[in-house]
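S.K.: In our numbering, the protein residues as written are 6 to 203.
1. For the putative contact between residue 88 and residue 66, defined by C-beta atoms under 8 Å, what is the C-beta separation to the nearest angstrom?
2. When the Cα of residue 51 is compared with those of 195, 199, 203, 202, which residue comes out closest?
3. Considering only residues of the same chain and omitting the five flanking positions on each side of residue 107, which have a CB-CB separation below 6 Å?
4. With DSSP run on the structure shown, which of helix, strand or coil describes residue 129?
5. When DSSP labels each residue in this structure, what does residue 184 get in the three-state scheme?
6. In chain order, what residues of the same chain lie with their CB nearer than 8 Å to the CB of residue 77, ignoring the 5 residues before and after it?
7. For residue 113, which option in 57, 163, 49, 170 has the closest C-alpha, if you only look at C-alpha atoms?
8. What residue does the alpha helix (DSSP H) around residue 41 start on, and which one ends it?
9. What's the C-alpha gap between residue 264 and residue 131?
10. For the beta strand (DSSP E) containing residue 76, name the first residue and the last one.
11. Evaluate contact between the region 110 to 124 and the region 86 to 102, counting only Cβ atoms and requiring at least three cross-stretch pairs below 8 Å.
12. Output the distance between the C-alpha atoms of residue 190 and residue 98, rounded to the nearest integer angstrom.
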């Protein structure tokens, strides 16, 4: 019985240390995930965030303020930094989370647009999900790119107006830009971001 307990303790230790189930493929990268302070989409933050962190990626959450942010489904998180504090030189990727709050707080955030353009200039991974590919479109980085977005007429019109070709797929990769259509695609979105960092 003692040996069985020891075996379980060893297995748990390896699991915690990331040595079981692909732990040998840990990714040394740092990602900033941007959320609206109100009504970000919970799964679109936490599902990709968990995938990245489970694979060794350091994830920092940013918003327009450092006060506790509340998701559409009630999840709460306190951002680590403000959008104004994002230094593209410190990160390997930027991820813009969706949710209805994105329209109010992120779509026309010129400070965020400038940061996204700097990631683009440095050829780093830029990702957005749900209605947030519109943020990328407004930043000017979707011109002549294939992209997806939440299947809402306004969102589709906005990305096409800014030069993107709308593709009705769950996840679309175009050069260093990853877009996804909503919460049901959050896991595939997270895995695609992870793949881009390897």
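Beta carbons: idealized from backbone N, C-alpha and C, even for Gly.
M.R.: Working from what's here:
1. About 11 Å; that fails the 8 Å criterion.
2. 195
3. 41, 136, 137
4. coil
5. Strand.
6. 44, 45, 46, 47, 104, 105, 106
7. 163
8. Here residue 41 belongs to no alpha helix (DSSP H), and DSSP marks it neither H nor E.
9. Residue 264 lies beyond the range of the chain shown here (6 to 203); nothing can be said about it.
10. 74 to 76
11. Result yes; three or more Cβ-Cβ pairs closer than 8 Å.
12. 19 Å
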